[in-house]
Amino acid sequence: MRPNGADISRVLIDGGTYFAQHVGPRSASELDEFFLGPVPDIRRSRDPRLGAAEAEYHGLEIVNLQTARCRMEFFDVGAVVWILRRCVWWVPDFSVERYHDALARMHAVIERDGVFVAHSTRHLIEARRPAH
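Reading the sequence shown from the start, the letters are residues 1 to 132 in UniProt numbering.
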């Protein structure tokens with residue numbers, strides 16, 4: 001979910017700045033899809049261009065918009081278990097017992113390839129409410 005451009009515009013004073021980092025589209029989708037299978041692209045709402053367009057629609061000026069796709073490397077399934085227990089929204093029903101077979105498959109991938117790779121996406125947005 002992206003921030004609401006109308007609310008941001010409403011609470012900023014004239015000349016005020018909104019500066020934030022947000023989770024980007026399809027962040028860590030490789031992990032989601034490994035455990036859950038194909039996931040509908042419901043994360044489109046995290047597209048930074050859509051967020052910027054909404055902010056502009058509500059009268060904000062986009063000063064800066066940057067995106068990043070960061071490589072996440074997992075060298076053992078213990079690290080995967082750790083991250084999935086911290087980021088519970090990635091695989092909402094995750095438990096070692098429930099996903100034992102998938103974890104065994106991932107272990108085999110890591111043994112074969114030396115690493116399991118996923119990508120975290122982020123975007124930085126700076127928007128300003130024009131001074132009147």
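All C-beta atoms in this analysis are idealised placements derived from N, C-alpha and C, irrespective of residue type, glycine included.
Check this for me: beta carbons of residue i and residue j, under 9 Å apart or not?
i           : j           : result
residue 26  : residue 119 : yes
residue 125 : residue 77  : no
Looking only at C-alpha atoms, which of the options sits nearest to residue i?
i           : options             : result
residue 5   : 95, 28 and 58       : 58
residue 121 : 24, 78, 3 and 74    : 24
residue 69  : 117, 8, 100 and 17  : 117
residue 39  : 91, 56, 50 and 51   : 91
residue 53  : 105, 107, 3 and 108 : 3
Taking only the alpha-carbon atoms, compute the straight-line gap between residue i and residue j and give it to the nearest angstrom.
i          : j           : result
residue 37 : residue 10  : 40 Å
residue 20 : residue 85  : 26 Å
residue 31 : residue 98  : 15 Å
residue 63 : residue 55  : 11 Å
residue 13 : residue 113 : 53 Å
Is it buried or exposed, residue i, if we count other Cβ atoms within 10 angstroms and call 16 or more buried?
i          : result
residue 94 : buried
residue 88 : exposed
residue 80 : buried
Can you give me the Cβ contacts of residue i inside the same chain, cut-off strictly under 7 Å, excluding the 5 residues immediately before and after it?
i          : result
residue 61 : 127, 128 and 130
residue 75 : 110 and 115
For residue i, which residues in the same chain have their Cβ closer than 6 Å to its Cβ, ignoring the five residues on either side in sequence?
i           : result
residue 102 : 35
residue 123 : 22, 24, 48 and 67
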